[in-house]
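J.: Residue 362 in the UniProt record's numbering sits at position 362 of the sequence shown; the count goes up by one each step and never skips. Note that the Cβ used here is the ideal one computed from N, Cα and C, for glycine as well.
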Amino acid sequence: MQFTPLEDIPKIRESLRNVFHSGKTKPVAFRQEKLKQMGYLVQENKQALLDALKSDLGRPYLESDVLELVPTVNDIKYTHDNVHKWARSESAPFQFASSSMRPKVMKEPKGTVLAIIPYNYPLFLSFTPLMAAIAAGNTVLLKPSELAPATSQLLAELIPKYLGDDIVRVVLGAVEETTKLLELQWDHIAYTGSQRVARIVSAAAAKHLIPVTLELGGKNPVIIDPKSDLRLAARRIWWGKLVNAGQICVSPDYVLVPREVQDQLITEINLVHSEFFPEGPAESDSFGRIATTNHTQRIAGLIKETKGDIIIGGDVNLGKRYVAPTLVSNPSAEEPLMQEEIFGPVLPVVPVENVDEAIAFVNARQHPLVLYVFSQDSSFKAKVAAQTQSGAFAANELLLHVAAYGLPFGGTGPSGSGQVRGKYGFDTFTHLRGCIDQPGWIDTALLWRRYPPYNTWNQRVLAWITGDMFSDSKASRWWAWAWMAAIAAGFTMWSLSMSR
Numbered sequence: 001m002q003f004t005p006l007e008d009i010p011k012i013r014e015s016l017r018n019v020f021h022s023g024k025t026k027p028v029a030f031r032q033e034k035l036k037q038m039g040y041l042v043q044e045n046k047q048a049l050l051d052a053l054k055s056d057l058g059r060p061y062l063e064s065d066v067l068e069l070v071p072t073v074n075d076i077k078y079t080h081d082n083v084h085k086w087a088r089s090e091s092a093p094f095q096f097a098s099s100s101m102r103p104k105v106m107k108e109p110k111g112t113v114l115a116i117i118p119y120n121y122p123l124f125l126s127f128t129p130l131m132a133a134i135a136a137g138n139t140v141l142l143k144p145s146e147l148a149p150a151t152s153q154l155l156a157e158l159i160p161k162y163l164g165d166d167i168v169r170v171v172l173g174a175v176e177e178t179t180k181l182l183e184l185q186w187d188h189i190a191y192t193g194s195q196r197v198a199r200i201v202s203a204a205a206a207k208h209l210i211p212v213t214l215e216l217g218g219k220n221p222v223i224i225d226p227k228s229d230l231r232l233a234a235r236r237i238w239w240g241k242l243v244n245a246g247q248i249c250v251s252p253d254y255v256l257v258p259r260e261v262q263d264q265l266i267t268e269i270n271l272v273h274s275e276f277f278p279e280g281p282a283e284s285d286s287f288g289r290i291a292t293t294n295h296t297q298r299i300a301g302l303i304k305e306t307k308g309d310i311i312i313g314g315d316v317n318l319g320k321r322y323v324a325p326t327l328v329s330n331p332s333a334e335e336p337l338m339q340e341e342i343f344g345p346v347l348p349v350v351p352v353e354n355v356d357e358a359i360a361f362v363n364a365r366q367h368p369l370v371l372y373v374f375s376q377d378s379s380f381k382a383k384v385a386a387q388t389q390s391g392a393f394a395a396n397e398l399l400l401h402v403a404a405y406g407l408p409f410g411g412t413g414p415s416g417s418g419q420v421r422g423k424y425g426f427d428t429f430t431h432l433r434g435c436i437d438q439p440g441w442i443d444t445a446l447l448w449r450r451y452p453p454y455n456t457w458n459q460r461v462l463a464w465i466t467g468d469m470f471s472d473s474k475a476s477r478w479w480a481w482a483w484m485a486a487i488a489a490g491f492t493m494w495s496l497s498m499s500r
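Shown next as structure tokens:
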């Protein structure tokens, strides 16, 4: 992968700003055409993209197709089909005192957006902010991850072919190039990745007062109801943990299970593991690899240092970037495995006495990106949802909430801020511009009293005209009709004066 020369980066940013200020990106039809081309990019280069993802992540084709390419095209299509509605101006809620001004909200693009993308889902996570920013009428500089070189290089080649080289530009590079990007002025920055780098991005953005959207991940818990279907829970949890070898921001990071059913859940996970990998995961085409040797070493260290019991797996091959699916029972709450986001195929199982202890365990830690619960009891699910905080809440399913149309996706607190999907993503990259247009006759009718010299009578009249009050329904109706009559009388007087 050939990095972008540092001296070119400010020029690229400037060209994107110039294109935005030309007004080229503002027509909704133009945005829809670019969204359509994004969809064609993915559809017409499916195999090349699958091969690139395989090269970068060792990921099975099925996972890349179903969990990355398909959701990407679905989101593009959804955005394309709805952007004309999202972009419409909206009238402000009706209020008598301001009705003559015809207040409305205009949806305007922010300008030029910087999107910094991680390695774990390099296509989906590139196109998610890209489609939202384009739908909102912005120009975009996309910085894909150097840790997914095959996919990043392919995107750098395909994007100009399908979208042109004016409204979207791709910068390839690593720390030095990203640092150069963060020195520049942007109208919005969207960053997906680790909390450590998010602090660097936020500090750089603060120097220019740039708004930032952060999608960061965290330690996502799974809370088990002892009355739940443990076989179903085991199957879905183990699948959710092992997709992309655990390198997903919404991957389950630990399981909180009542002591009374801990052994049963572990037995069920063992059975599911044997079903998933009858010949073992090391040679299976259904299990991926860790993206880099450094990340492999980090996960290996977590396994080595655990004080828990390794029930499944524990094997590591640094040369092949392989970490076996690993189940750890009874880890210490203070060990690194329970303190850091794992971002790999290792799942700790932590026993608790009851749901109250599970909730307290979760609340004693940073807010996760998603909280999972397995239960058929509505009151159990409602209690967990009401007494915890997380970016998302999912019952009886893993990962798939990300693919649900119409839902916001983002964290809260240390797991992130803001959203970049669907209508919520469109809103993120849109400036809501409040507008009014006051007619001249309103001064003749009523508002001439605002001008000096001031007096007490004018003060009372203006307070009555422009104010609102808490009152019974009859008084409210009387005030409304009086205000409408005053407006009508004022308009009539103004019309008569203009006709003379």
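#1: Report all residues from its chain with a CB closer than 6 Å to the CB of GLY58; omit the five preceding and five following residues, and keep chain order.
#2: Pairing CB atoms from the segment 360–377 with CB atoms from the segment 270–284, are three or more of them under 8 Å?
#3: Output the boundary residues of the alpha helix (DSSP H) element that contains ASN363.
#4: Bridge partners of LEU142, per DSSP?
#5: Report the three-state DSSP secondary structure of ASP65 (helix, strand or coil).
#6: With a 10 Å radius around its C-beta and 16 neighbouring C-beta atoms as the bar for buried, classify VAL255 as buried or exposed.
#7: Which complete alpha helix (DSSP H) runs does the segment 425–473 hold, if anything under 4 residues is left out?
#8: With distances taken Cα to Cα, identify the nearest neighbour of PRO27 among ILE312, LEU62, GLU108.
#9: Between the segment 193–209 and the segment 29–42, do at least 3 Cβ pairs fall closer than 8 Å?
#10: Do you know how far the Cα of GLY422 is from the Cα of VAL350?
#11: Measure how close the beta-carbons of SER64 and LEU214 come, nearest whole angstrom, since I'm counting them as under 8 Å.
#12: Tell me which same chain residues have a C-beta within less than 7 Å of the C-beta of GLU341, skipping the five on either side of it?
#13: Could you tell me the alpha carbon to alpha carbon distance between TRP239 and GLU176, rounded to whole angstroms?
#14: Buried or exposed for TRP441, please, with buried defined as at least 16 other CB atoms from any protein chain shown within 10 angstroms of its CB.
#15: Tell me whether residue 501 is buried or exposed, calling it buried when 16 or more other Cβ atoms sit within 10 Å of its Cβ.
#16: Applying the 10 Å Cβ sphere with the 16-neighbour rule, what's the burial state of ALA386?
#17: Are the CB atoms of ALA204 and LEU232 nearer to each other than 7 Å?
#18: Determine the closest residue to ASN82 out of ALA394, PRO93, MET101, MET131, with distance taken between C-alpha atoms.
#19: Can you tell me which of the three DSSP states HIS367 falls into?
#20: State yes or no: is the C-beta of GLY308 within less than 7 Å of the C-beta of PRO331?
#21: Please name the residue, chosen from VAL316, PRO348, ASN317, that lies closest to VAL328 on a Cα-to-Cα basis.
#22: Counting C-beta neighbours from all protein chains within 10 Å, is the total for ALA358 16 or more, i.e. buried, or is it exposed?
#23: With DSSP run on the structure shown, which of helix, strand or coil describes LYS381?
#24: Touching or not, the segment 183–193 and the segment 101–115, by the rule of three or more beta carbon pairs under 8 Å?
#25: By the DSSP assignment, the alpha helix (DSSP H) with LEU271 in it spans what residues?
#26: Answer with buried or exposed for residue 529, where buried requires no fewer than 16 other C-beta atoms within 10 angstroms of its C-beta.
#27: Quick one: is GLY344 buried, meaning 16 or more other Cβ sit within 10 Å of its Cβ, or exposed?
#28: Cα-Cα, which of THR4, ALA300, ILE310 is closest to ASN317?
T.: Let me spell this out:
#1: Start at 1 with the first residue of the sequence shown, and residue 58 comes out as number 58. So the list reads GLY288, ARG289, once near-sequence residues are dropped.
#2: no
#3: Start at 1 with the first residue of the sequence shown, and residue 363 comes out as number 363. From DSSP, the alpha helix (DSSP H) with ASN363 extends over 355–363.
#4: Locating residue 142 in the sequence shown gives position 142, where the first residue counts as 1. Bridge partners of LEU142: ALA115, VAL170.
#5: Position 65 of the sequence shown, counted from the start, is the residue given in the question as residue 65. Three-state result, ASP65: helix.
#6: Taking the first residue of the sequence shown as position 1, residue 255 is located at position 255. Buried, by the Cβ-count rule.
#7: 441–445, 456–466
#8: Start at 1 with the first residue of the sequence shown, and residue 27 comes out as number 27. Of the candidates ILE312, LEU62, GLU108, the one whose C-alpha sits nearest the C-alpha of PRO27 is GLU108.
#9: no
#10: Residue mapping note: residue 350 aligns to position 350 of the sequence shown, counting from 1. Residue mapping note: residue 422 aligns to position 422 of the sequence shown, counting from 1. Going by the C-alpha atoms only, they are around 36 Å apart.
#11: Translated into the one-based positions of the sequence shown, residue 64 becomes position 64. Translated into the one-based positions of the sequence shown, residue 214 becomes position 214. That belief does not hold up - the Cβ atoms of SER64 and LEU214 are roughly 25 Å apart, past 8 Å.
#12: Residue numbering aside, residue 341 sits at position 341 when the sequence shown is read from its first letter. Contacts found: GLY217, GLY218, LYS219, ASP253.
#13: Locating residue 239 in the sequence shown gives position 239, counting from the first residue. Locating residue 176 in the sequence shown gives position 176, counting from the first residue. Taking the straight line from one Cα to the other gives about 37 Å.
#14: The residue given as residue 441 occupies position 441 in the sequence shown. Classification of TRP441: buried, given that the 10 Å Cβ count is 16 or more.
#15: In the structure as shown, the chain begins at 1 and stops at 500. Residue 501 is therefore absent and cannot be evaluated.
#16: Position 386 of the sequence shown holds residue 386. By the neighbour-count rule (16 or more Cβ atoms within 10 Å), ALA386 is not buried but exposed.
#17: Here residue 204 refers to the residue found at position 204 when the sequence shown is read from its first residue. Here residue 232 refers to the residue found at position 232 when the sequence shown is read from its first residue. It is not a contact, given that the beta carbons lie outside the stated cut-off.
#18: Taking the first residue of the sequence shown as 1, we reach residue 82 at position 82. The candidate whose alpha carbon is nearest that of ASN82 is MET131.
#19: Locating residue 367 in the sequence shown gives position 367, where the first residue counts as 1. Reduced to three states, the DSSP call for HIS367 is coil.
#20: Taking the first residue of the sequence shown as position 1, residue 308 is located at position 308. Taking the first residue of the sequence shown as position 1, residue 331 is located at position 331. Yes, the pair counts as a contact, with Cβ atoms nearer than the cut-off.
#21: Here residue 328 corresponds to residue number 328 of the sequence shown, with the count starting at 1. Nearest of VAL316, PRO348, ASN317 to VAL328, Cα basis: PRO348.
#22: By one-based count along the sequence shown, residue 358 stands at place 358. Looking at its Cβ environment, which holds 16 or more other Cβ atoms inside 10 Å, ALA358 is buried.
#23: For the purposes of this step, residue 381 is taken as residue 381 along the sequence shown, with counting starting at 1. DSSP places LYS381 in helix when its eight states are reduced to three.
#24: yes
#25: Indexing the sequence shown from 1 puts residue 271 at position 271. Element bounds for LEU271: 259–276.
#26: As displayed, the chain neither begins before 1 nor continues past 500, which places residue 529 out of reach and without an answer.
#27: The residue labelled residue 344 in the question sits at position 344 within the sequence shown. Buried, by the Cβ-count rule.
#28: As a first step, residue 317 must be located in the sequence shown, where it is residue number 317. Checked all of THR4, ALA300, ILE310; the closest Cα to ASN317 is ALA300.
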